[in-house]
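Scroll down for the structure; my scribbles are underneath it.
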Amino acid sequence: MIQGIFYARFFPKEGTKIVAQSPPGCIVPVPGGSGSTSTAAKPPLLDFSVLQEYIIPRESFRNRYITVADPEGKYFVLGFPVSIPSPRYDRNEFIFNFGLVVESDVDQVPYERVVRRLAVTFAEMEKQSGYLSQDVDGGGSVGGSGGGAGGVGGGEHHARRPIESLLEIIKEDLNNYGECMIPVDDANTINMKLFPHHPTPSDVKGWHVPVAKMRFADIVDPTWDLTLQRVVAYIDGVSDVRRIAFLADVSFELTVLALRHLLYYDTILLLDMFFFGACYAPRPGIHEFIANVGGMVDECANYVCVGARATTTTTTSSSGQGGAGGGGGRGIGDGDDDDDDDDGTESTDDGESNAAAAAAAAVHGHRVSNYMLIKLMTTFCVGKTVMEWLKGHMDAGFDVMRFIDVRRLVQFGVIKGCLYRVHKHVVSKQYLAALATGQARPVAGGDPLQKYTDGCHTFDQIITEQNLTDAEIMEKFRSFRAPAGDLTVLYR
Amino acid sequence: MGALPAAGHRAGDSGSPAATLAQLKKVKKQKVLLMGKSGSGKSSMRSIIFSNYLARDTRRLGATIDIDLSHVKFLGNLTLNLWDCGGQEAFMENYLSQQRAHVFSNVGVLIYVFDIESRDVERDLATYVNIISALVQYSREAKVFVLIHKMDLIQPMTREDVFDHRAALVRRKTAEAVAIMHKQKPEQVQQQTVPSAAGEDLSINLQLFATSIWDQSLYKAWASIIHDLVPNLSVIEAQLASLGLAIDADEILLFERTSFLVVSKWTSREGERNPYGDRFERMSNILKSWKHTCSKYTGTPRNAEQFSDFEYKMGATFSMFATKFTTNTYILVCMPPGEARFNSAKLNVAAARPWFRFLDGPVVPAQSAVGGGMSSSQVLGSTPSGYGGEGSVGAPDG
Numbered sequence: 001m002i003q004g005i006f007y008a009r010f011f012p013k014e015g016t017k018i019v020a021q022s023p024p025g026c027i028v029p030v031p032g033g034s035g036s037t038s039t040a041a042k043p044p045l046l047d048f049s050v051l052q053e054y055i056i057p058r059e060s061f062r063n064r065y066i067t068v069a070d071p072e073g074k075y076f077v078l079g080f081p082v083s084i085p086s087p088r089y090d091r092n093e094f095i096f097n098f099g100l101v102v103e104s105d106v107d108q109v110p111y112e113r114v115v116r117r118l119a120v121t122f123a124e125m126e127k128q129s130g131y132l133s134q135d136v137d138g139g140g141s142v143g144g145s146g147g148g149a150g151g152v153g154g155g156e157h158h159a160r161r162p163i164e165s166l167l168e169i170i171k172e173d174l175n176n177y178g179e180c181m182i183p184v185d186d187a188n189t190i191n192m193k194l195f196p197h198h199p200t201p202s203d204v205k206g207w208h209v210p211v212a213k214m215r216f217a218d219i220v221d222p223t224w225d226l227t228l229q230r231v232v233a234y235i236d237g238v239s240d241v242r243r244i245a246f247l248a249d250v251s252f253e254l255t256v257l258a259l260r261h262l263l264y265y266d267t268i269l270l271l272d273m274f275f276f277g278a279c280y281a282p283r284p285g286i287h288e289f290i291a292n293v294g295g296m297v298d299e300c301a302n303y304v305c306v307g308a309r310a311t312t313t314t315t316t317s318s319s320g321q322g323g324a325g326g327g328g329g330r331g332i333g334d335g336d337d338d339d340d341d342d343d344g345t346e347s348t349d350d351g352e353s354n355a356a357a358a359a360a361a362a363v364h365g366h367r368v369s370n371y372m373l374i375k376l377m378t379t380f381c382v383g384k385t386v387m388e389w390l391k392g393h394m395d396a397g398f399d400v401m402r403f404i405d406v407r408r409l410v411q412f413g414v415i416k417g418c419l420y421r422v423h424k425h426v427v428s429k430q431y432l433a434a435l436a437t438g439q440a441r442p443v444a445g446g447d448p449l450q451k452y453t454d455g456c457h458t459f460d461q462i463i464t465e466q467n468l469t470d471a472e473i474m475e476k477f478r479s480f481r482a483p484a485g486d487l488t489v490l491y492r
Numbered sequence: 001m002g003a004l005p006a007a008g009h010r011a012g013d014s015g016s017p018a019a020t021l022a023q024l025k026k027v028k029k030q031k032v033l034l035m036g037k038s039g040s041g042k043s044s045m046r047s048i049i050f051s052n053y054l055a056r057d058t059r060r061l062g063a064t065i066d067i068d069l070s071h072v073k074f075l076g077n078l079t080l081n082l083w084d085c086g087g088q089e090a091f092m093e094n095y096l097s098q099q100r101a102h103v104f105s106n107v108g109v110l111i112y113v114f115d116i117e118s119r120d121v122e123r124d125l126a127t128y129v130n131i132i133s134a135l136v137q138y139s140r141e142a143k144v145f146v147l148i149h150k151m152d153l154i155q156p157m158t159r160e161d162v163f164d165h166r167a168a169l170v171r172r173k174t175a176e177a178v179a180i181m182h183k184q185k186p187e188q189v190q191q192q193t194v195p196s197a198a199g200e201d202l203s204i205n206l207q208l209f210a211t212s213i214w215d216q217s218l219y220k221a222w223a224s225i226i227h228d229l230v231p232n233l234s235v236i237e238a239q240l241a242s243l244g245l246a247i248d249a250d251e252i253l254l255f256e257r258t259s260f261l262v263v264s265k266w267t268s269r270e271g272e273r274n275p276y277g278d279r280f281e282r283m284s285n286i287l288k289s290w291k292h293t294c295s296k297y298t299g300t301p302r303n304a305e306q307f308s309d310f311e312y313k314m315g316a317t318f319s320m321f322a323t324k325f326t327t328n329t330y331i332l333v334c335m336p337p338g339e340a341r342f343n344s345a346k347l348n349v350a351a352a353r354p355w356f357r358f359l360d361g362p363v364v365p366a367q368s369a370v371g372g373g374m375s376s377s378q379v380l381g382s383t384p385s386g387y388g389g390e391g392s393v394g395a396p397d398g
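So the sequences go chain by chain: A and D. Residue 235 in the UniProt record's numbering sits at position 235 of the first sequence, and the numbers go up by one each step. Residue 13 in the UniProt record's numbering sits at position 13 of the second sequence, and the numbers go up by one each step.
As structure tokens, this is what we get:
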């Protein structure tokens, strides 16, 4: 919310003064009886005499965006002091500032553009026609625009709009509608909009797996970008980016772009690929899971438990082949009940329509106990693949596959910060040494895998980029022309 | 006038070297406030004196926002902490309320500039009185210089009258302001001052000058301001005197390098007869504009050293030279004609440089028990004298 908006100007005799403000009295008290109504009692938001040296600052601070906190820390003043040097002004300069007052806890980024826009627009208008300097000392409502325009528009002979009222409209419109369009004079209109600010999305890599945070099928409409529409159709929480590009028949670069777009609006998450051969280990977040903070375990149960008729579970294992079983896991236990979660764990599988109602019933029929879920979650550890983990529990007498969608359990753990993926890297001492001395040379035989042996590349990357399975890669590395012990596989 | 009580007061504690040292230190730290109504020409004169601006360049200056702090290095061991205070009403109010203690404490010198052209004299004086009150409250020892500025706008015939009238007015107002402050806070004043000197404390150290950026009057005022701040002044004067006697000169002027303000001077008995009382500031002005001309023709920056030696031999009338002396100073020597005398004087001046080395760096005066402020009552250019030729040095008249 904009608490106040003002127009300050430097006068060669009086110094810095607030010429216009809205609401009246928000910066400096309104003089005289004009404000003798109820608003007069309201004290100014901040102490202008303290802040004035930042509202019209010394030269080095001018012509740039400035934010100042008031001494009490309640408000921020966002301003852009503009100085227009010209010999036609008294003291060779015209200095003004259109500023906003916002609460100190508000995100200031959207307002920066507003402040900049106001500064630039009015500076330009001043340069072209002396719009501000012809305004008779804050008296407002003076029809002095005749300087350059000369009343071009036939009907527009009205005295020009006082800046005070302009500010009021800007403030009201931005606060109520988030945008404004205000004709200032015949030639100029101020168009402004408050845009929510999102940070630049992180890079999307070929081996990332996008997981939807909302049901795209419901919101997508034909006006969307065509590429985006195609890409969105294949976001199923299982397929990696490269596979999505392939399935959607979209170039990899465009797919990445589309996904980053979705990422920017915080509609997808990026996870790693799921393999039964991968390792996972607990993170500190596991404590919250154990303590069942906010009903986390129940939420997990809803997400991961499989119905008794889940005969398709076996196909999930095929995803161990470089995510080949992309479609395999979908539709399992995809109960509608967890779709309303605001935490973004839900995965909108496009195949969920099959027997949704039946599945919902089935889930509740076979809910795994909290104890068991916690036990499952906490038994992941470094050096134990999901397969081994699975086997351990099977041997202990709990048929995990019957009750649990393992992929979903792992994804839930990763999203909630209970688990992290232990990535697999390979390092070649020889290659590192060659890199360090700057003589890394392409291998004669053209082994495409050598470039991955500097320890900076995960197996996921090799898998997607070389289209090999984990086992195949290991096999290739074993047959590497290298001295024994040169290659090391690292997990971290 | 007002210099006497302050000097007398100080004489009490200037006996020990420690006191001198403390005083020296204090002088170095003290700040110089430059105040006055907006547009009265504070920043302009500052730029001319310290930044090598030409008078006409000052038209380009913008208004000063709030306070412009600058540390002007003056000689080796004096840094002027110059506070150029924007004179807009809003700022003035701020100095007097919000920043009162910040601005007015520890002030060495207040330079207050009046615009002679100002319409609202009453209001100007009211502001001035407020400033003086604040100054008396926080820095009792401060010296006050009042410059009645823009005198070039007054008809030359009436200048003196106008100045005298205004000066009387300012003096009266100052006295009133001080008296009021004493009445308001008698206990505080008593505590701050030596009881025996309480009677004299009722006046403050005030000097008035009529100035204009378009002639040498500005240099006169500023030389006098600077004069009081220069440490070891008595040493400089004593050594200049012995140098002058040794080389048989008529007059010696010592200039600061960038501002070309007269730091110190010595005049022989013969030189005292010079009728031109304003010759010192005229020389400042002439040398400075000459410097500008040099810079224009050589294309070097204005702040660079433009010349190292300047000789002028006026046939049988006199001869003079101005030359680079120590790192921070130039020296100008004026003497009776004669080639041999001239040449030996030049050599002797070069030989005297080591004597003045202390001008370039902080050195505590060992032999001087006399405070620098003692000689402050002697104002530049006030000595009437009859001496031919010197005043027309800059103009090649034959």
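Where a beta carbon is used, it is the ideal one built from N, C-alpha and C, also for glycine.
- Around the CB of D:E160, fewer than 16 other CB atoms lie within 10 Å, so the residue is classed as exposed.
- One thing to note: D:S133 has its Cβ no nearer than 7 Å to the Cβ of D:M92.
- Interface flag for D:Q88 against chain A is set, since a Cβ pair is found closer than 7 Å.
- For D:F91, a Cβ of chain A is located within less than 7 Å of the residue's own Cβ.
- Judged by DSSP secondary structure, A:I95 falls within the beta strand (DSSP E) whose first and last residues are E93 to E103.
- Scanning A:A471, A:A433, A:H393 and A:E168 for the CA closest to the CA of A:K424 turns up A:A471.
- For A:E93, the closest Cβ of chain D is nearer than 7 Å.
- Annotation: Cβ neighbours of D:N94 in chain A (cutoff 7 Å, chain order): S49.
- Contact between the segment 225 to 242 of chain A and the segment 203 to 211 of chain A is established, with three or more Cβ pairs separated by less than 8 Å.
- According to the DSSP secondary-structure assignment, A:H423 is paired through a beta bridge with no residue.
- Restricting attention to D:A345, D:L75, D:D164 and D:K37, the CA atom closest to the CA of D:D66 is found in D:K37.
- In the three-state DSSP reduction, A:G392 falls in the helix class (H, G or I).
- When the beta-carbon positions are compared, A:F380 and A:L409 stay at least 7 Å from each other.
- In the three-state DSSP reduction, D:R273 falls in the strand class (E or B).
- Only residues of its own chain outside the window of five on either side were considered, and among them T453, D486 and L487 have a CB closer than 6 Å to the CB of A:S428, listed in chain order.
- Within the segment 46 to 64 of chain D, those residues whose Cβ lies closer than 9 Å to any Cβ of chain A are, in chain order, R59, R60, L61, G62, A63 and T64.
- Within the segment 50 to 70 of chain A, V50, Q52, E53, I56, P57, R58 and E59 place their CB atoms closer than 8 Å to a CB of chain D, listed in sequence order.
- Contact residues of the segment 4 to 26 of chain A toward chain D are F10, F11, P12, K13, E14, G15, T16 and K17 (C-beta to C-beta distance below 9 Å).
- By the 16-neighbour rule on beta-carbons within 10 angstroms, D:W83 is buried.
- Against chain A, a Cβ distance below 8 Å from D:Q98 picks out S49 and V50.
- Per the coordinates, the alpha-carbon of A:R407 lies some 57 Å from the alpha-carbon of A:I55.
- For D:S38, the neighbours in chain A by C-beta distance under 7 Å run, in chain order, P12 and K13.
- For D:G315, the closest C-alpha among the options D:A304, D:D309, D:T298 and D:P337 is that of D:P337.
- Across the structure, A:D218 and A:Q229 are spaced so that their CA atoms are roughly 12 Å apart.
- Flagged as an interface residue toward chain A: D:D66, by a C-beta distance shorter than 7 Å.
- The beta carbons of D:Y219 and D:N130 sit about 30 Å from each other, so the pair does not count as a contact at 8 Å.
- Between the alpha carbons of A:G392 and A:Q108 lies a gap of roughly 53 Å.
- The DSSP-derived three-state label of D:N52 is coil.
- D:M45 is positioned such that its CB atom lies no closer than 7 Å to that of D:Y112.
- At least 7 Å separates the beta-carbon of A:V50 from that of A:P31.
- Per the DSSP secondary-structure output, D:E256 pairs in a beta bridge with D:T329.
- The bridge partners DSSP lists for D:Q207 are D:F145.
- Put simply, the backbone Cα of A:G417 is about 5 Å away from that of A:G285.
- By the Cβ rule, the segment 143 to 153 of chain D does not count as touching the segment 84 to 103 of chain D, because fewer than three pairs are nearer than 8 Å.
- Cβ-Cβ separation between A:V414 and A:L271: approximately 6 Å, consistent with a contact (criterion under 8 Å).
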